[in-house]
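One structure is given below, encoded as structure tokens.
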Amino acid sequence: MRNLSFTLFMFFWTIFAYGQSYDEFVASNNIDEKCRLAEKIALHYVSTNIDSLKLIGEQLLSFSNSKKSKKGIYTSYGIIGNAMVRSAQEKKGLELLRKAKNYFLSVENYDKVTEIYNEIGNGYQFLGDYKEAVKWYEHSLKYGELSTDEYTSDMAKINIAQALSHLKEYDEAVRYAKEYRDWVLKLGSLKSLTNAYAVLGSIALERGQHRDAINYFQQCYEFALKAGDNSGQGHAYTNLGIAKFLEGKMEESVDYFKKAIEFREKVNNIALICDAYLNYGGIMFELSRYDEAIQYYTIGLKIAQKNEKYANEIELLEALKEVYETVDLEEVEKIALEIERVQKKEFARTKEQSKFDVVLAKELLESEEIYKSGFTNENDKWSFYIGLGIIFILFTFLAIRKKVE
């Protein structure tokens, strides 16, 4: 009952707090305040509802266009780009993030630059290009050294840990994940702790350390529940399902995978929804419940097809092919031809993406040169201008005094 009461409290508090912020956002006619509130609301929606995240960005863009505000336009690009890379529109999302990055570099806002480099890295991680993701995360950490926001500086550490884990560089991945965990523990961020334990658990799972993995995933779930984090709970249930499956506890695994679908649909990240249906169909296949395996694979496949998420589509088709090899050999050839067709589409998408990657890679090198040449921190810049103003006033005063004399 205590956990239920706390969960209900968090639910209603979230509705009140963010509903109030949204009303303030709609009512505000000041661009600085509008941007501040949009980013506050976006921080909540990024882990709860991607559609709402995009909507906030679009509303800010519309207002900023009417005011012809560069700051508002590029802030909205960052929010919309963030939503797009999480909803099967990575190329468009990366383009918007690139434009936002260039603007905030030009005005020397290193808090925003740090965030956007991290988001570009996330875009590449969603595309499965982990080496490219690591490059962008490393730049986020470099600019984080110039950030004035303690909640921003080391944000990329958990993401670089995840990317390195995919590259099987486990020792480095654990180092980054633990540094991130200790950092957010000091900040008291429950959602961030959820993510830290999810990644640590995944790395332990990859290494075959099942008991350690389950302990990490349980901590992940507990912090996600306290934070009211749908995304974190979805990750926790998925990971616990995998860990229980590897331990041979199949029925427990089924329950976790089923709950993961529920939470991932709430967040509406297309790649993760497809992954949830793939996992649930997979556990049905392992239990020889072939009709249910086909049912859930097909649901995930339709979602992937609708959103042109070719990599997920291929995974789900291959899973269906495995089922049909067991129950209906006549369907196997048809599925194999479909896999070949989608692979061609994925190849064309990758080729198109690579052209855009060249532009981003060039800008990455340019920003590296800017970084090496040194910066004036925003605070230092204003100190310089204030100092210059004082000197100007002093000389003016002396000149007037000389004339009077």
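Sequential numbering from 713 applies to the sequence shown in my numbering.
Yeah, the Cβ is synthetic: ideal placement off N, Cα and C, and Gly gets one too.
Keep in mind it's a predicted model, so treat the numbers as computed, not measured.
Under the three-state reduction of DSSP, T860 is assigned to coil, being neither helix nor strand.
By the 16-neighbour rule on beta-carbons within 10 angstroms, K746 is buried.
The C-alpha of A988 is placed about 5 Å away from the C-alpha of I973. For E820, no alpha helix (DSSP H) encloses it, and the DSSP letter there is neither H nor E. Around the beta carbon of T826, a 10 Å sphere encloses 16 or more other beta carbons of the protein chains shown; the residue is thus reported as buried.
Counting other Cβ atoms within 10 Å of its Cβ, R923 stays below 16 and is therefore classed as exposed. Straight-line measurement puts the Cα of G994 at about 22 Å from the Cα of E1052. Taking a contact as a CB-CB distance under 8 Å, the pair L912 and A939 does not count as one, their CB atoms being some 17 Å apart. Going by DSSP, L905 is part of the alpha helix (DSSP H) stretching over L902 to E918. E1020: not part of any alpha helix (DSSP H); DSSP gives it neither H nor E. Here E1034 has F997 as same chain residues with Cβ atoms under 8 Å from its own Cβ, once five neighbours each way along the sequence are excluded. A direct Cα-Cα distance of roughly 7 Å separates R798 from I982. Contact between L767 and G790 fails: their C-beta atoms lie close to 15 Å from each other, not under 8 Å. Secondary structure note for N991: its alpha helix (DSSP H) is the uninterrupted segment I982 to E998. If you compare the alpha carbons of Y1002, D1003 and E1027 with that of K1014, the shortest gap goes to E1027. Here A800 carries a coil assignment [DSSP, helix/strand/coil]. Annotated three-state conformation of E1045 is helix, per DSSP.
Taking the C-beta atoms as reference points, S852 is found no nearer than 7 Å to N834. If you draw a straight line from the Cα of K843 to the Cα of N741, it comes to about 42 Å. In the structure shown, G805 adopts helical secondary structure according to DSSP, grouped into three states.
For E891 and K869, the gap between their C-alpha atoms comes out near 7 Å.
Taken through DSSP and simplified to helix, strand or coil, N761 comes out as coil. In terms of Cβ geometry, A916 and A925 form a close pair [threshold 7 Å]. Between Y786 and Y757, the C-beta spacing is not below 7 Å. The alpha-carbon of W848 is positioned some 7 Å away from that of I832. Counted as a single uninterrupted DSSP element, the alpha helix (DSSP H) harbouring E964 occupies residues M962 to V979. In the structure shown, G944 falls within a helical segment according to DSSP collapsed to helix, strand and coil. A distance below 6 Å between beta-carbons, with the five flanking residues on each side excluded, links K811 to the following residues of its chain, in chain order: Y789.
Under the 10 Å beta carbon count, S774 is surrounded by fewer than 16 other beta carbons and is classified as exposed. Rounded to the nearest whole angstrom, the C-alpha separation of Q945 and L839 is 23 Å. Going by DSSP, D866 is part of no alpha helix (DSSP H) at all; its letter is neither H nor E.
Assignment of N794 by DSSP, reduced to helix, strand and coil, places it in the helix class. Within its own chain, the residues whose Cβ lies closer than 8 Å to the Cβ of K752, once the five positions on either side in sequence are excluded, are S733, listed in chain order. The criterion of a C-beta distance shorter than 7 Å is satisfied by V979 and S943. When the beta-carbon positions are compared, Y1008 and Y992 come within less than 7 Å of each other.
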